[in-house]
Amino acid sequence: MKNIKLHWQILIAMVLGIIFALIFKEQTVYVQPLGDIFMRLLKMVIVPLIFSSITFGVAGLDTKSLGRLGLKTFGYYALTSFIAIIIGLSLANIIQPGMGVQLSDSTEAFDVSKLTTPSSLGGIIYRMIPTNPVSAAAGGDVLGLIFFSIALGLAITLLDSKRKEPLLKFFDSFFHAMMKLTQLIIRLAPIGVFGLITKAVTNTGFELFKAIGMYMITIAIGLSFHIFIILPLIFYIFTRINPIHHFKAMASAMAMAFSTSSSGATLPVTMDCVENKVGASNRITSFVLPLGATINMDGTALYECAGALFIAQILGLDLSLTMQITVVITAFLASVGAAAIPSAGLVMIFIVLNSIGLGDHPEVAIIVGTMLAVDRPLDMFRTMVNVFSDSVGTAIIAKSEGENDLYPETLK
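Under the working numbering, the first residue of the sequence shown is numbered 131, with each subsequent residue one higher.
In structure tokens:
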């Protein structure tokens, strides 16, 4: 199995899990704990991964560049991420891929009073500020943890170099250690998926799989609309250049992103395409693209928002407007903290679920495990969206900075 790629291992595990559940049925109780253990391992890394990734990402910003160029970059990233989230939210509400699924006849109705229900947008913002960051981390207050991580990162950027460098080295090492741990846990996915799929088939038959098919269609429609309609439209509005030129220039980077499912691994190819085919200067690309590979995750943000609503629909919960606003804000912040590695977005979806009080629901593990089994093609697609969005932003910012000789091979 070592020579088989992880996504094929997961698919094989899913098929074996279905067969095992159909043949042995009652004996599945002995393998179901494998899925529960895998889910506990995923949840274990959430708090340290958020804390290390966001703190290091913010602390590592070049304060000298956080002027006009920084404002343009963050403005673009915020705009496209929120548009992606609204697309995911809208499609999940329109298509409702999770409606009508009965997970188990024996499952008790979820106590709706356990949901986190801020009274207004102001209540959400108020709740983001933790009175005790340690308590926020221990109690699963994800918004409070993210707020503290951002604040700490900004404080580190203001320190003199003598005090700043040791902290940067610490958080750099801590962040990469957490990424390595996350990767190791994700490598256990075939075992976890086997346990979770047997539980899903035993409890629901194939009803959940039909919903997963609709979920995949919903995500695919949203990602397609964002990459082929929204991003080209934004590109044309700000540059007045035919978006086809940009698609051609970024073809190799998009292929790399699709095949690796990692915007971090694709970064060297992305920078090469943007500098040599788009024609943006190194001054722009060296700031915008590495930052984008860290914090600009349009595809991930769309996926996390739609995925959270999909899970709520399966559980039979009708989320109020303020809850959905909480999902939007948390999806944006979670996408910022998502590591640039394959399937990291699936780990981060627990952040969004925790923000509305669904993270510990007993049936969530079954749903997330089934989502993981079909996540590879979606992960490939959303990584391509992430990378393309970064490149569009770089071209727009380069144009706004007076670099008018873009696309030298096509615009002569």
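By construction, the Cβ of each residue, glycine as well, lies at the ideal position given by its N, Cα and C atoms.
Check                                                                                                                                                        : Outcome
Looking at the structure shown, is residue 156 part of a helix, part of a strand, or coil, going by DSSP?                                                    : helix
Quick one: using the 10 Å Cβ neighbour count with 16 as the cut-off for buried, is residue 414 buried or exposed?                                            : buried
Helix, strand or coil for residue 443, going by three-state DSSP, please let me know.                                                                        : helix
Can you check whether the CB of residue 481 is closer than 9 Å to the CB of residue 500?                                                                     : no
Could you tell me which of 507, 404, 379 and 371 sits nearest to residue 141, measuring between CA atoms?                                                    : 507
Which of the three DSSP states is assigned to residue 133 in this structure?                                                                                 : coil
Output yes or no for whether 9 Å exceeds the beta carbon distance between residue 502 and residue 445.                                                       : no
Assuming residue 161 and residue 328 make a contact with CB atoms under 8 Å, what is their CB distance in whole Å?                                           : 6 Å
Report yes or no: do three or more beta-carbon pairs, one from the stretch 214-231 and one from the stretch 347-358, lie closer than 8 Å?                    : yes
DSSP three-state call for residue 206: helix, strand or coil?                                                                                                : helix
Enumerate, from N- to C-terminal direction, the unbroken alpha helix (DSSP H) stretches of 4 or more residues contained entirely within the stretch 348-406. : 361-369, 373-379, 381-390 and 393-403
What are the complete beta strand (DSSP E) segments, minimum 3 residues, inside the stretch 503-535?                                                         : none
Within a Cβ cutoff of 6 Å, which residues of the same chain sit near residue 393, ignoring the five residues on either side of it in sequence?               : 423, 470, 513, 516 and 517
Mind checking which residues open and close the alpha helix (DSSP H) that includes residue 290?                                                              : Looking at the DSSP string, residue 290 is not in any alpha helix (DSSP H), and its letter there is neither H nor E.
I need the boundaries of the alpha helix (DSSP H) containing residue 174, first residue and last residue.                                                    : 162-189
Going by C-alpha distance, which of 271, 204 and 302 is nearest residue 256?                                                                                 : 271
I believe residue 204 touches residue 279 by the beta-carbon criterion, under 8 Å. Please report the beta-carbon distance rounded to the nearest angstrom.   : That belief does not hold up - the Cβ atoms of residue 204 and residue 279 are roughly 17 Å apart, past 8 Å.
Classify residue 440 as buried or exposed, calling it buried when 16 or more other Cβ atoms lie within 10 Å of its own Cβ.                                   : buried
Is it right to say residue 366 is buried, meaning 16 or more other beta carbons lie within 10 angstroms of its own, or is it exposed?                        : exposed
Any idea what DSSP makes of residue 539, helix, strand or coil?                                                                                              : coil
Between 510, 524 and 295, which lies nearest to residue 200 when the distance is taken from Cα to Cα?                                                        : 524
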